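Protein chains: 2
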Amino acid sequence: MKEKITEASISLFEQKGFSTTTIQDIADSIGATKGTFYYYFKSKEQLLKEIHLEYIIDLLKRQEAIVNDSTSNKEKLHAVIEMLISDIRKNGPRGRVFFREIRHLAEENIRIIKKERDRYRLNIESIIRSGIAAGEFKPNLRSDMVAFAVLGMANYSYNWFQPDGEVEPSELAAIYTSLVLGGIVKENGTPENH
Amino acid sequence: MKEKITEASISLFEQKGFSTTTIQDIADSIGATKGTFYYYFKSKEQLLKEIHLEYIIDLLKRQEAIVNDSTSNKEKLHAVIEMLISDIRKNGPRGRVFFREIRHLAEENIRIIKKERDRYRLNIESIIRSGIAAGEFKPNLRSDMVAFAVLGMANYSYNWFQPDGEVEPSELAAIYTSLVLGGIVKENGTPENH
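Quick mapping for you: the protein sequence lines, in order, are chains A and B. Sequential numbering from 1 applies to the first sequence in the UniProt record's numbering. Sequential numbering from 1 applies to the second sequence in the UniProt record's numbering.
Structure, rendered in structure tokens:
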């Protein structure tokens, strides 16, 4: 039932926004009572916090499995982009609620979520930095700005990409990866300090 | 006064969200009455529509000036990215309201805004296509996906970029432009059909 409440809420928050969705709306949408809601969640805000936390913790777990495997940094970057884009089919609504509704959390919860979000971004930055150190990527990159660029591209696709449309998720991931790699991979024979 | 109401509303919508901001909040924030608000706007929704429309029309006007000038497609792409990022200092709050609150418009207004938004995106796509046709960019690019990537990177910077921080807007624009161009520019000597 808890899972059912959460899924129904994600769908309502995505359509109507967190602020305008009432606990009554959530209960109605699954044919339950407000009492059932309060049995599982203290408040709408606590539910929103759990949605945010579960989402980012799950992403982090999968991302860190990628970071810690033994492939090249190019492949890691590809795998991270592919994970984010392939996720849209199953996790699109949750992702959109995550991106849009964070400011409706209480200050202390925003801090908790932002810490995990930063960790997620810094993991991408560290792939870029490792790639520079390993000579895979150009030496003079700003790894922090490249990480933001990767996240921007991938996250923005949650707003427009139709996973059941003409382009497959893995194809979009390949296009985006080759775009980024084209901008950062060191050409053979490029002098180190150039 | 109309401008003052609009600016105050943008600031409130950005902080609290459109749904939770009342007309009373808007009036209070500028020491006016609700009557003053209704003298200029039929409803909160009409105000939101005007904010959206003014924002995108202004962007389009400046973007199309760039598209129609006589520089190379590389330079056009740079100018479009630079415009979006330099705008954050002055237009950051308006941009964030634009990205986040569109779903609170009425269906017919969403259609009107989306049409202009699409035009904005298609202009970027057409720079990519022209660059391919002119032999500036690689021949086998998906110009539609590249346009989404450019918009994703640039728009996402509205969420994190501090224009008064360590990195200047023009520097971020240069980094992002060289990242994209690195991924799409045709190397000298690359065969046409490869």
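Heads up, the beta-carbon is just placed ideally off N, CA and C, and yes, glycines get one too. Given the structure is predicted, the values throughout are model-derived calculations rather than measurements.
Reduced DSSP secondary structure (H/G/I, E/B, other) of residue i
| i | result |
| --- | --- |
| B/Glu82 | helix |
| A/Phe148 | helix |
| A/Val167 | coil |
| B/Gly189 | Because the pLDDT at B/Gly189 is just 47, under 50, the model does not fix this residue reliably, and the point stays unresolved. |
| B/Ile184 | helix |
| B/Phe98 | helix |
| B/Gly131 | helix |
| A/Gly31 | coil |
| A/Thr71 | coil |
| A/Leu105 | coil |
| B/Phe37 | helix |
Pairwise C-alpha distance: residue j and residue i
| i | j | result |
| --- | --- | --- |
| B/Ile102 | A/Gly135 | 44 Å |
| A/Asp87 | A/Ala174 | 15 Å |
| B/Asn155 | A/Glu7 | 28 Å |
| B/Phe137 | B/Glu171 | 23 Å |
| B/Glu50 | B/Met83 | 22 Å |
| A/Asn109 | A/Tyr158 | 23 Å |
| A/Thr20 | B/Ser19 | 7 Å |
| B/Ile184 | B/Ser29 | 48 Å |
| B/Ile66 | B/Glu168 | 21 Å |
| B/Gly182 | A/Gly182 | 5 Å |
| A/Leu12 | A/Arg100 | 13 Å |
| A/Glu166 | B/Met1 | 48 Å |
| A/Ile85 | A/Phe98 | 15 Å |
| B/Leu53 | B/Gln63 | 15 Å |
| A/Gln162 | B/Asp144 | 13 Å |
| A/Ile10 | A/Pro93 | 7 Å |
| B/Leu141 | A/Leu47 | 43 Å |
| A/Ala79 | A/Asp164 | 20 Å |
| A/Tyr55 | A/His104 | 16 Å |
| B/Ser43 | B/Lys90 | 26 Å |
| A/Glu3 | B/Lys16 | 28 Å |
| A/Glu75 | A/Glu125 | 14 Å |
| A/Ala178 | B/Gln24 | Looking at the sequence shown, residue 178 of chain A is not Ala but Ser. For A/Ser178 and B/Gln24, the distance between alpha carbons rounds to 51 Å. |
| A/Thr71 | A/Asp58 | 21 Å |
| A/Ile112 | A/Thr22 | 24 Å |
Close Cβ partners of residue i (< 6 Å) along its chain, the five nearest in sequence each way excluded
| i | result |
| --- | --- |
| A/Ala27 | Thr33, Lys34 and Phe37 |
| A/Tyr176 | Ile81 and Met153 |
| B/Asn68 | none |
Cβ-based neighbour list, residue i, same chain, cut-off 8 Å, excluding 5 preceding and 5 following
| i | result |
| --- | --- |
| A/Leu60 | Glu116, Arg119, Tyr120 and Asn123 |
| B/Val180 | Leu77, Ile81, Val146, Ala149, Val150 and Met153 |
| B/Asn73 | Ile127, Ile128, Ser130, Gly131, Ala134, Glu136 and Phe137 |
| B/Asp96 | Checking the sequence shown, residue 96 of chain B turns out to be Arg, not Asp. These residues qualify, in order along the chain: Glu14, Tyr158 and Asn159. |
| A/Ile5 | Ile26, Ile30, Ala32, Thr36, Phe37, Tyr40, Phe41 and Leu47 |
| B/Lys186 | Gly135, Glu136, Phe137, Lys138 and Pro139 |
Limits of the alpha helix (DSSP H) - the one that residue i falls within
| i | result |
| --- | --- |
| A/Leu141 | No alpha helix (DSSP H) contains A/Leu141, which DSSP labels as neither H nor E. |
| B/Ile57 | Lys44 to Val67 |
| B/Ser11 | Lys2 to Lys16 |
| A/Thr22 | Counting along the chain, A/Thr22 falls outside any alpha helix (DSSP H), and DSSP gives it neither H nor E. |
Close beta carbons around residue i, own chain, < 7 Å, minus the five adjacent residues each side
| i | result |
| --- | --- |
| A/Ala106 | Glu45 |
Worksheet item: Using Cβ-Cβ distances below 7 Å, what residues of the UniProt domain "HTH tetR-type" (1 to 59) of chain B are close to chain A?
Response: Gly17, Ser19 and Thr20
Discussion item. If the cut-off is 9 Å on Cβ atoms, which residues from the segment 144 to 166 of chain A count as contacting chain B, listed in chain order?
Written reply: Asp144, Met145, Val146, Phe148, Ala149, Val150, Leu151, Gly152, Met153, Ala154, Asn155, Tyr156, Ser157, Asn159, Trp160 and Phe161
Discussion item. Give me the subset of the segment 133 to 144 of chain A whose CB atoms are less than 9 Å from a CB atom of chain B, sorted by chain position.
Written reply: Lys138, Leu141, Arg142 and Asp144
Practice prompt. Could you name the residues of the segment 98 to 121 of chain B whose beta carbon sits closer than 8 Å to any beta carbon of chain A, in the order they occur along the chain?
Written response: Arg100, Arg103 and His104
Worksheet item: Listed in chain order, which residues of the segment 79 to 94 of chain B have Cβ atoms closer than 9 Å to some Cβ of chain A?
Response: none
Worksheet item: What are the residues of the segment 65 to 77 of chain B that lie near chain A, defined by any Cβ-Cβ distance shorter than 9 Å?
Response: none
Practice prompt. Identify each residue in the segment 165 to 186 of chain B for which the Cβ-Cβ distance to at least one residue of chain A is less than 8 Å, and report them in chain order.
Written response: Val167, Leu172, Ile175, Tyr176, Ser178, Leu179, Val180, Leu181, Gly182, Gly183 and Ile184
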